[in-house]
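K.L.:
Sharing a structure, written as structure tokens. Questions coming.
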DNA sequence: GCAATGTGCAACTATCAAGTTGCACTAGTT
DNA sequence: AACTAGTGCAACTTGATAGTTGCACATTGC
């Protein structure tokens with residue numbers, strides 16, 4: 020089991036502004052300009068964040084006429100959670116094994 | 020459901036070097052100096068990473084004589100995974116609701 | 001065609017984080 | 001007491017990133 024492309028996803032999720040964007044998108048798809056109206060940052064800053072989120076597959080662009088709306092890919096979040104959970108389980112298993120060894124069993 | 024102190028945890032997990040440290044600690048508790056012998060960074064750099072990991076509760080220090088070993092707190096990883104999973108589920112639920120509305124149901 | 005709205009690209013600033021080197025301090029060891 | 005291995009703190013360099021402003025390009029509506 021490789022951590023693979025997991026780390027960049029966490030890096031993307033490690034920013035408050037991006038969570039604000041995700042939260043806003045959770046109430047419906049929106050364009051960078053629309054998001055700029057709701058958040059205290061410029062459209063360009065939001066565009067960069069959206070690029071990051073798209074890069075790691077948390078969001079996807081949908082053209083709607085002359086504007087580009089973004090949609091949250093909910094399943095990607097679930098996938099990430101499950102992979103993290105799996106690592107956690109593996110960890111517990113290994114730590115338990117180490118503990119047994121340490122206790123001289 | 021608040022994201023609470025979740026974001027800093029993701030930020031901590033969004034760094035390859037810190038994963039290397041966690042992986043190394045997974046094979047048994049170790050001091051910063053010991054880790055420096057295994058990883059291609061200095062002890063001081065590792066000490067900083069350990070401080071970050073400790074800050075978000077992924078690791079805890081254990082004094083052993085004159086050295087300070089660090090231990091992975093496996094459960095914290097599981098907790099984080101579950102919280103992320105919960106957010107993902109909530110997201111899917113909400114997105115489904117929005118989809119129904121959009122379809123004029 | 002023209003104004004208005006939305007997007008895309010580029011340059012620039014500033015802040016933060018990762019990593020380094022250097023030195024002082026502490027605690028076991030002989 | 002002297003030596004050694006481990007830790008802690010501080011200053012510094014450097015690269016990445018969040019944010020800005022400014023301008024050029026595309027598309028819809030009148």
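Chains as they are written, first to last, in our numbering: chain A, 20 to 124; chain B, 20 to 124. Here a beta-carbon is modelled for each residue, glycine too, at the ideal position from N, C-alpha and C.
1) Using a C-beta to C-beta distance shorter than 7 Å, which residues of chain A count as neighbours of residue 69/B?
2) Closest to residue 52/B by CA distance: which of 63/B, 46/B and 45/B is it?
3) May I ask you to report which of helix, strand or coil DSSP gives residue 27/B?
4) Among residues of its own chain, excluding the 5 on either side of residue 79/B, which ones have a beta-carbon nearer than 8 Å to its beta-carbon?
5) Provide the residue span of the beta strand (DSSP E) that contains residue 82/A, from first to last.
6) Would you mind working out which of 32/B, 33/B, 55/B and 34/B sits nearest residue 43/B, comparing C-alpha positions?
7) For a cutoff of 8 Å on Cβ pairs, would you count residue 79/B as touching chain A?
8) Is the CB of residue 20/B under 8 Å away from at least one CB in chain A?
9) Please state whether the Cβ-Cβ distance between residue 45/B and residue 113/A is less than 8 Å.
10) Check whether chain B comes within 8 Å of residue 35/A, counting only Cβ atoms and requiring the distance to be less than that.
11) Under 8 Å by Cβ, that's how I've got residue 100/B and residue 103/A pegged, so tell me the actual separation to the nearest angstrom.
12) Helix, strand or coil: how does DSSP classify residue 119/A here?
13) Look up residue 108/A in the DSSP assignment and say whether it is helix, strand or coil.
14) Looking only at its chain, what residues have a beta carbon closer than 8 Å to the beta carbon of residue 37/A, apart from the 5 residues adjacent to it on each side?
15) Alpha carbon to alpha carbon, what distance is there between residue 86/B and residue 29/A?
16) State the beta-bridge partners of residue 50/A as determined by DSSP.
17) List, in chain order, every chain B residue whose beta-carbon is nearer than 7 Å to that of residue 83/A.
18) If you follow the alpha helix (DSSP H) that residue 36/A is part of, which residue opens it and which one closes it?
19) According to DSSP, is residue 71/B helix, strand or coil?
P.N.:
This is what the structure gives:
1) Chain A residues near residue 69/B: none, gap ~17 Å exceeds 7 Å.
2) 63/B
3) helix
4) 73, 89, 90 and 92
5) 78-83
6) 55/B
7) no
8) Summary for residue 20/B: the model assigns pLDDT 38, below 50, so the residue's position carries little reliability; its value from the coordinates is reported in the next sentence. So, not an interface residue.
9) yes
10) yes
11) 4 Å
12) helix
13) helix
14) 31, 68, 71 and 72
15) 31 Å
16) 88/A
17) Going along chain B, no residue has its Cβ under 7 Å from residue 83/A, so there is no contact; the nearest lies around 12 Å.
18) 35-45
19) helix
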